[in-house]
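Encoded as structure tokens, the structure appears first; notes follow it.
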Amino acid sequence: MLFYFTGTGNSLYAAKRIEPAPVSIPQAMRGERLEFADNAIGIAAPVYGHELPPMVRQFLRRAVFHTDYFYLVLTYGNRHGGAAELAEQLCLDCGIRPSYINVLLMVDNWLPGFDMDEQKRLDKQVDAQMDRIAADIAARKHWISPVSGADRAAHREFLGRMKQQAPDAWQHLLRVTDRCVGCGVCEKVCPSASIRLDNGRAVHIHGNCQTCLACVHNCPENAIALTAPEKNPGARYRNEHITLQEIIRANSRPAQEK
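The C-terminal residue of the sequence shown carries number 258 in my numbering, and the numbering is unbroken.
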């Protein structure tokens, strides 16, 4: 059993390389009883600011896992900042003792920092990394990716920058432009009900946004931009192995919840 969280398909692709039918965390969170049992249970998710997204953290706190082998695969695009160590501590705080945590370098889809056209040209040897990770998990290897002093320093630097911003700064990162045609794709790919159509136009709702940028990257009209400068406002990204419909199935909500 493998659960995943995805905005642009990277973590879903990683999950599918390990488990043919992984389970979406946004969909699992809608269940009344979050209790799961299997020989092995895993989480595949990105790290934002070197830590798991808020929804994934909430899932780990709420769920009960019965397994002898709990593992995490953490996708990142530039610096992981000691993500394995941070995730291990979160698991221990939740009463979970992870057997295996590894980090996976993929395309960095953080638009303020990276040009998607450039990122897509880089060869980060994703499949070779995934082959090793999948083999480790199949062999039930016990291992936590090592963290260096430089990794911890990178995370401290990030936290220092965050202290200089408003606590809810990320909740105000998105803006809908006049290019919006009301197609509704943004609403369907949002995992946290943070964007909806109102009178035929997308509206961003502050408060629970995961800052996954699924709405920005998947908008077919490039109608959702950022309030912060972008490296390349015309370039967007979705993992080449993942379809838009797969992301919609992962993150869409039933009509009665909209």
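Glycine residues also receive a C-beta, built at the ideal position from the N, C-alpha and C atoms.
- Rounded to the nearest angstrom, the Cβ distance from Asn222 to Gly9 is 17 angstroms, too far for a contact under 8 angstroms.
- Residue environment: Gly160 is assigned as exposed (fewer than 16 neighbouring CB atoms within 10 Å of its CB, all protein chains considered).
- If the five residues before and after Pro220 are omitted, its C-beta is found closer than 8 angstroms to the C-beta atoms of Cys183, Val185, all from its own chain and listed in chain order.
- A distance below 6 angstroms between beta-carbons, with the five flanking residues on each side excluded, links Asp38 to the following residues of its chain, in chain order: Met1, Thr67.
- Rounded to the nearest angstrom, the gap between the Cα atoms of Tyr76 and Cys215 is 19 angstroms.
- When secondary structure is reduced to three states using DSSP, Asn10 falls in the helix class.
- For Glu35, there is no enclosing alpha helix (DSSP H); the residue is part of the beta strand (DSSP E) that begins and ends at 35-37.
- Take Gln129, set aside five residues on each side of it, and the residues of its chain with a beta-carbon closer than 6 angstroms to its own are Leu104, in chain order.
- Secondary structure of Leu197 (DSSP, three-state): strand.
- Cβ-Cβ distances below 6 angstroms link Arg79 to Ala154 in the same chain, with the five nearest sequence neighbours on each side left out; the list follows chain order.
- Secondary structure of Arg175 (DSSP, three-state): strand.
- The bridge partners DSSP lists for Val64 are Glu35.
- Rounded to whole angstroms, the separation of the alpha carbons of Ile144 and Ala83 is 10 angstroms.
- CA-to-CA, the gap between Lys16 and Ala40 works out to about 15 angstroms.
- Uninterrupted beta strand (DSSP E) stretches at least 3 residues long and entirely within the stretch 98-149 occur at 100-105, given in chain order.
- For Leu244, there is no enclosing beta strand (DSSP E); the residue is found in the alpha helix (DSSP H) stretching over 244-251.
- The residue from Arg62, Gly234, Leu74 with its alpha-carbon nearest to that of Ile101 is Leu74.
- Taking all protein chains in view, the Cβ of Pro191 is crowded by 16 or more other Cβ atoms within 10 Å, so the residue is classified as buried.
- Comparing alpha-carbon positions, the option among Ile133, Ala235, Asn218, Leu226 lying closest to Arg121 turns out to be Ala235.
- Taking C-beta atoms as the reference points, Ser99 and Arg140 count as a pair closer than 9 angstroms.
- Collapsing the DSSP output to three states places His50 in coil.
- The straight-line gap separating the alpha-carbon atoms of Ile205 and Thr211 is approximately 12 angstroms.
- Of all alpha-carbon atoms in Tyr69, Met55, Leu34, the one lying nearest the alpha-carbon of Gly207 is that of Met55.
- Per DSSP, Val181 lies in no alpha helix (DSSP H) and is assigned neither H nor E.
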